[in-house]
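J.:
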Amino acid sequence: MLVWYIAKKIPRGIALILNFITIFLTIFLLIGCYNKSQDSTFLVRYQIDSKSALYPMIQSSFKDKATTTSLEKVKVRAGFMGICVDNVPTAYNLQGTQQTQICYPRKNLTSTNIYSDLSVKLYTVNSNSTSSGKAATLNVLQLGELTSVNVIHPYLLMGTIILTIIMFLCLIYVIIPGLPGHTFMSLFLLLLSPTLVLISGMSAIWTHIGIHAAHRLVPAASMGMVTVHTGRKAASMMWFGFAFLLIICMILYGQKLKQLRNGGIDEDSPSTNDILKNKTAPPYHNYYYSDSSSFGTKAIVTPIVALVVWLTGDFFHKFDERHRIKEDFYIIPYFLKSVFLYAWSVKRHKFQTWYIFTKQVETNPDGLSIRYTRPVRGKPGEYELESYTYSQTYEIVLRLSHILRNTYNVSPGDYIAIDCTNKPLFLFLWYSAWNIGAVPAFLNYNSVGEPLVHSLKISNISQVFIDPDAASPVLNSEELIKNSLPNIRLNYLDEESLLQTINDPLSPTFLQTEDIRSPSTAKDYEPSMLIYTSGTTGLPKSAIMSWRKCAVGTQLFGYVFHMNTDSIVFTAMPLFHSTAALLGVCAVLSQGGCIAISPKFSASNFWKQAYITEATHVQYVGEICRYLLHTPVSEYESLHNAKVAFGNGLRPDIWQQFRLRFNIEVIGEFYAATEAPFATTNYQRGTFGIGSCRNYGTVIQWFLSFQQVLVKMDPEDDSVVYRNEKGYCEKPKVNEPGEMMMRIFFPRKPETSFQGYLGNEKETKSKVVRNVFRNGDAWYRCGDLLREDEFGMWYFLDRMGDTFRWKSENVSTTEVEDQVSASNESIITQVVVVGIKVPGYEGRAGFAIIKLNQALANIPEMDIVNLLNNMLYHLKKSLPKYAMPLFVKFVDEIKMTDNHKISKKIYRDQRLPAGVDGTDQIYWLKNNYQEYAPLTQADWEDIEKQVVKL
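For what it's worth, full-length UniProt numbering labels the leading residue of the sequence shown as 1, then goes sequentially.
(1) Ordered along the chain, which non-local residues of its own chain (more than five positions away) have a Cβ less than 8 Å from that of Thr137?
(2) Would you report the Cα separation of Lys731 and Tyr780, rounded to the nearest angstrom?
(3) Are the beta-carbon atoms of Ala580 and Met563 separated by less than 8 Å?
(4) In angstroms with no decimal places, state the Cα-to-Cα distance between Val947 and Cys729.
(5) Identify the residues that DSSP records as bridge partners of Ala933: which are they?
(6) Quick check: Tyr620 and Gly593, are their CB atoms within less than 8 Å of each other?
(7) Counting beta carbon pairs with one atom in the segment 744-761 and one in the segment 787-799, are three or more of them shorter than 8 Å?
(8) Report the CB separation of Leu485 from Asn435 in whole angstroms; it is logged as a contact under 8 Å.
(9) Going by beta carbon distance, what residues of the same chain come within less than 8 Å of Leu171, once the five residues before and after it are set aside?
(10) Between the Cα of Thr571 and the Cα atoms of Tyr923, Ala642, Tyr873 and Ile176, which residue gives the shortest distance?
(11) For Val711, which of Leu785, Arg774 and Gly697 has the nearest alpha-carbon?
(12) Among Ala933, Tyr841 and Phe847, which residue has its Cα nearest to the Cα of Leu868?
(13) Just to check my reading of the structure: Ala433 and Val464 have Cβ atoms closer than 8 Å, yes? What is that Cβ distance to the nearest angstrom?
(14) Could you please give the first and the last residue of the uninterrupted alpha helix (DSSP H) stretch that includes Arg12?
(15) With Asn491 as the anchor, note down where its beta strand (DSSP E) starts and where it stops.
(16) Is Arg685 helix, strand or coil by DSSP?
(17) Taking C-alpha atoms, which residue in Cys693, Arg548 and Ala645 lies nearest to Ile356?
(18) Just to confirm before moving on: does the CB-CB distance between Phe890 and Ile850 stay below 8 Å?
(19) Does DSSP put Asn853 in a helix, in a strand, or in coil?
(20) How about Pro219 and Thr227: are their beta carbons less than 8 Å apart?
(21) Secondary structure at Asp714, three-state DSSP: helix, strand or coil?
(22) Under the three-state reduction of DSSP, which class applies to Cys729: helix, strand or coil?
(23) In the segment 592-663, which residue ranges form an unbroken beta strand (DSSP E) of at least 3 residues, counting only runs that do not cross its ends?
(24) Mind the definition here: the segment 373-383 touches the segment 392-409 only if three or more C-beta pairs lie below 8 Å; say whether that holds.
(25) Could you tell me the alpha carbon to alpha carbon distance between Tyr611 and Leu506, rounded to whole angstroms?
(26) Return no unless some Cβ of chain C is closer than 8 Å to the Cβ of Glu450.
(27) Nearest-angstrom Cα distance between Gln591 and Gln555?
(28) Can you tell which of Ile331, Glu665, Ile516 and Tyr415 has the C-alpha that lies nearest to the C-alpha of Val560?
(29) Is Tyr525 helix, strand or coil by DSSP?
(30) Closer than 6 Å by C-beta to Trp607: which residues in its own chain qualify, once you throw out the five before and the five after it? Chain order, please.
(31) Would you call the CB atoms of His900 and Phe601 closer than 8 Å?
(32) Let me confirm a value: Gln930 is counted as buried when at least 16 other C-beta atoms fall within 10 Å, else exposed. Which label applies?
(33) Report buried or exposed for Lys876, applying the criterion of at least 16 other Cβ atoms within 10 angstroms of its Cβ.
(34) From Val709, Val811 and Arg694, pick the residue whose C-alpha is nearest to that of Lys881; which is it?
(35) Could you tell me which residues DSSP pairs with residue 1033 in its beta bridges?
(36) Work out the CA separation of Val865 and Leu456 for me, nearest whole Å.
Next up, the structure:
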């Protein structure tokens, strides 16, 4: 896909493709014969000719020593950087093993044993009657060394590679629209390209002469004892590299001549303003993504790609399988482009996400931006589809902005709260605030009482805009709000009347001036919005979403998950959370696609809504995928168009099951925290990378290693990072758990990387750890345990608070949950595992909360006990003894947060033996882990007195 995407930027796009292929060919050529995997890319191959009259004498000379027998059959391949010797007899015991091939760097081969063993004494020439003469020797390895060191030099080829890489970067720069210095860079390319052609041509000619000189002269000089084969593959790669550079040079000069004929207009780099002024010109996005040149592009690119495949064999396939180069090459050019454009927007003080939206309005006015499945009143499970184009959304936002500015006096810099359920009105309020220059805060519409008041207080909220469907909690808390925060204005919206007004083309509009919306004093790490954490560990915290994260971060995220103008992302997640707001709405709108909103998550209607909205991508979070797997089969499972499911929290045990049942091609698992400065992603196909939350190619992995790292934990307390005798942290070993950390690039101003929580300095500082790997550095603590495998992929293990310690061992709740579920998947629908305190014992004991596929009232207690003991049989085979759940409770419903995350804090505070009110039925693992049984009061008293040992 990326090849066609770049190629469509004709003609410089084709030049970029040819440039990349040339880099690949020349590097592959340079390292030929340096190791065994590149032995086919040789320049010259030497071999003793078995048809020579002197061959029997040579053969007998090798038989003089048992270790050198049959060495006359070896073949020596000489390349630019190395020499390979193959057909070595296994009896030779090469390097102490029975290898038949070995490769060496091209110099200093005389110190190797095989060099001396390959020397053959042929005869003695007496110069006169009194001298004993001098022995002449034949050594095919010496011939290879002489060819590689003295005849064919790699230095011109190295220079070609370096200059070709420079040209590649320059071409990327001139293809990106809107960057400064295009004229200078184009002139530089005009100078660089003929220079490259000259150097590459000299290298090709020199190599050609050296190869053919060896082919003609060596057999004659050896009196027919040595045959010489030329490396046609290497020669072809050399000349094709030269030809591609020549084509690039011609393209660049042809473009320059065309530009001069057009009066100096560079047609390959149109500006948005020029296109908008010229109504007959195609839109900006159509120019770059048009398929009008598709046939010509494929006609050029296809034979080039086929040629590269033929020249390299299956090397690239194996190389990509290990290093994921294709995906890296897909991401890296866009990353460079995005960073350049974002840096330019920061310099011009137009980095706000509002301008990404207005750009899409200009370039894609008739494209879909929002779809909504509005429930039909009185008909459960029936929906009316609402759709809005970019131009319609823009006009609605301007009309609503007029109302907010003039009726409610919303001003630039104000913090306003949006208390709204999932519907288009949420987005209209959100983008209207951005237009005015206000900062929206997304309230959890289920918040009531003290958490609601706390959310408003810490965020300096001046007004709250309340959707009628979210009004009940606010009404119930209104007296508390007015007593605690008397200056806050509560605005209960009349949705029906408001929608009628903002959909009326005659209603007045308001567009904020750029100097007010984007003042020169604004910083890109300042808040674009506030999103509240779920509150599973206490009162909500208002996490700051910076403009940088909201703009360039979500753009990259959308591109990594292959969103484009044809994409429709369906989300049933609450818009007040970052998963839907940033990684759903902002990500897809930044790519010119459409966000499809469900009013709320419904497992039974999920695929129906995905079908109705024509979604290409669907979002998941938490346990949603497991919920969907437990629903009856629906006809919409096979009718929908979704090919990508992305989110976080999909467990490996149901990963493939979910993919296969719902016909999903790609699972896009990511790791992200609301307040985290970065996210990690895994765009996973097939079977490689299942369960991973970070999966990139080697290049990106290397780049990310400078900003994301796992840190070893203290073996005695997994909530504390381990520090060595020097006081520094260490990285864990492969597959060993570690806390994920993200670098803060300016330790003295951590807010530039990690903005933390508004109004909560203590919590913000607690997330920053210093002197991690050296004095003065600073890192953001994610508070989550992950592990890295041998391929560099990362896997989420646990929230650090969820991992508990028992019997001096760390227990992973995720691991125990997976095994409990696997013990009886047909009956057990959901499992939560936490650690709970037991009097008289250090650490926490395992406590499992299990939900079955039928109501508990309908299940006899004996059946439950049998179920537990059958589960125990499975657990004994899959878990260590210390990880066994010592206590178990069955429930009809597991408590969840509003974002479909499990409220584990509730279960960690479980009161034994029968709950706070004495009505909970708890089961325990008794008789030294031999059986589960109901926990009686007598049993509990024995545990407390430690008559019974856990």
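Cβ coordinates follow ideal geometry from the N, Cα and C atoms, glycine included.
T.: This is what the structure gives:
(1) Indexing the sequence shown from 1 puts residue 137 at position 137. Cβ-Cβ distances below 8 Å link Thr137 to Ser119, Val120, Lys121 and Leu122 in the same chain, with the five nearest sequence neighbours on each side left out; the list follows chain order.
(2) Within the sequence shown, the letter at position 731 stands for residue 731. Within the sequence shown, the letter at position 780 stands for residue 780. Using only the alpha carbons, I get a separation of about 15 Å.
(3) Residue numbering aside, residue 580 sits at position 580 when the sequence shown is read from its first letter. Residue numbering aside, residue 563 sits at position 563 when the sequence shown is read from its first letter. The answer is no: Cβ separation not under 8 Å.
(4) On the sequence shown, residue 947 is found 947 positions in, with the first residue counted as 1. On the sequence shown, residue 729 is found 729 positions in, with the first residue counted as 1. Each residue's alpha carbon lies about 43 Å from the other.
(5) Locating residue 933 in the sequence shown gives position 933, where the first residue counts as 1. Ala933 is bridged by DSSP to Trp924.
(6) Within the sequence shown, residue 620 is the residue found at index 620, counting from 1. Within the sequence shown, residue 593 is the residue found at index 593, counting from 1. Cβ atoms of Tyr620 and Gly593: not closer than 8 Å.
(7) A contact between stretches requires three or more CB pairs, one per stretch, nearer than 8 Å, and the segment 787-799 fails this requirement with the segment 744-761.
(8) The count along the sequence shown starts at 1 and reaches residue 485 at position 485. The count along the sequence shown starts at 1 and reaches residue 435 at position 435. In fact, because the Cβ distance is near 26 Å, the residues do not count as touching under 8 Å.
(9) Position 171 of the sequence shown, counted from the first residue, corresponds to residue 171. Taken in chain order, the residues that qualify are Arg12, Ala15, Leu16, Asn19 and Leu189.
(10) As a working note, residue 571 is residue 571 in the sequence shown. Of the listed residues, the one whose Cα sits closest to Thr571 is Ala642.
(11) Your numbering for residue 711 matches position 711 in the sequence shown. Closest in C-alpha terms to Val711, from the list Leu785, Arg774 and Gly697, comes Leu785.
(12) Counting from one through the sequence shown, the residue named residue 868 turns up at place 868. Put simply, of Ala933, Tyr841 and Phe847 the residue whose alpha carbon is nearest the alpha carbon of Leu868 is Ala933.
(13) Taking the sequence shown and counting its residues from 1, the one referred to as residue 433 is at position 433. Taking the sequence shown and counting its residues from 1, the one referred to as residue 464 is at position 464. Contact doesn't hold; Cβ gap of about 12 Å is too wide.
(14) For the purposes of this step, residue 12 is taken as residue 12 along the sequence shown, with counting starting at 1. Arg12 to Leu30 is the span of the alpha helix (DSSP H), which, as asked, contains Arg12.
(15) Within the sequence shown, residue 491 is the residue found at index 491, counting from 1. In the DSSP assignment, Asn491 falls within the unbroken beta strand (DSSP E) covering Arg489 to Tyr492.
(16) Within the sequence shown, numbered from 1, the residue matching residue 685 stands at position 685. Arg685: coil per DSSP, three-state reduction.
(17) One-based indexing of the sequence shown puts residue 356 at position 356. For Ile356, the closest of Cys693, Arg548 and Ala645 by C-alpha to C-alpha distance is Arg548.
(18) Here residue 890 is taken as the residue at index 890 of the sequence shown, counted from 1. Here residue 850 is taken as the residue at index 850 of the sequence shown, counted from 1. Yes. Within cutoff.
(19) Taking the first residue of the sequence shown as position 1, residue 853 is located at position 853. When secondary structure is reduced to three states using DSSP, Asn853 falls in the coil class, being assigned neither helix nor strand.
(20) Locating residue 219 in the sequence shown gives position 219, where the first residue counts as 1. Locating residue 227 in the sequence shown gives position 227, where the first residue counts as 1. Their beta carbons are under 8 Å apart, which means Pro219 touches Thr227 by this criterion.
(21) Residue mapping note: residue 714 aligns to position 714 of the sequence shown, counting from 1. In the three-state scheme derived from DSSP, where H, G and I count as helix and E and B as strand, Asp714 is classed as strand.
(22) Against the sequence shown, residue 729 aligns to sequence position 729. Assignment of Cys729 by DSSP, reduced to helix, strand and coil, places it in the coil class.
(23) If you keep only unbroken beta strand (DSSP E) runs of at least 3 residues inside the segment 592-663, you get 594-597, 617-621 and 644-648.
(24) In short, these stretches do not touch, since the Cβ pair count stays below three.
(25) Indexing the sequence shown from 1 puts residue 611 at position 611. Indexing the sequence shown from 1 puts residue 506 at position 506. Cα to Cα, Tyr611 sits roughly 35 Å from Leu506.
(26) Here chain C cannot be found, since the structure has a single protein chain.
(27) As a first step, residue 591 is located in the sequence shown; it is residue number 591 there, counting from the start. As a first step, residue 555 is located in the sequence shown; it is residue number 555 there, counting from the start. Cα to Cα, Gln591 sits roughly 7 Å from Gln555.
(28) Numbered from 1 along the sequence shown, position 560 holds the residue referred to as residue 560. Among Ile331, Glu665, Ile516 and Tyr415, the Cα nearest to that of Val560 is on Ile331.
(29) Here residue 525 is taken as the residue at index 525 of the sequence shown, counted from 1. Correct three-state label for Tyr525: coil.
(30) Position 607 of the sequence shown, counted from the start, is the residue given in the question as residue 607. The residues are Ser634, Tyr636, Glu637 and His640.
(31) The residue given as residue 900 occupies position 900 in the sequence shown. The residue given as residue 601 occupies position 601 in the sequence shown. In contact: His900 and Phe601 (Cβ atoms closer than 8 Å).
(32) Residue 930 sits at position 930 when you count from the first residue of the sequence shown. When all chains shown are included, Gln930 counts as exposed.
(33) Within the sequence shown, numbered from 1, the residue matching residue 876 stands at position 876. An exposed status is given to Lys876, since fewer than 16 other beta-carbon atoms sit within 10 Å of its beta-carbon.
(34) Within the sequence shown, numbered from 1, the residue matching residue 881 stands at position 881. Nearest neighbour of Lys881 by Cα position, chosen from Val709, Val811 and Arg694, turns out to be Val811.
(35) No information on residue 1033 is available, as it lies outside the stretch 1 to 950 that the chain covers here.
(36) Locating residue 456 in the sequence shown gives position 456, where the first residue counts as 1. Locating residue 865 in the sequence shown gives position 865, where the first residue counts as 1. Roughly 48 Å separates the two Cα atoms.
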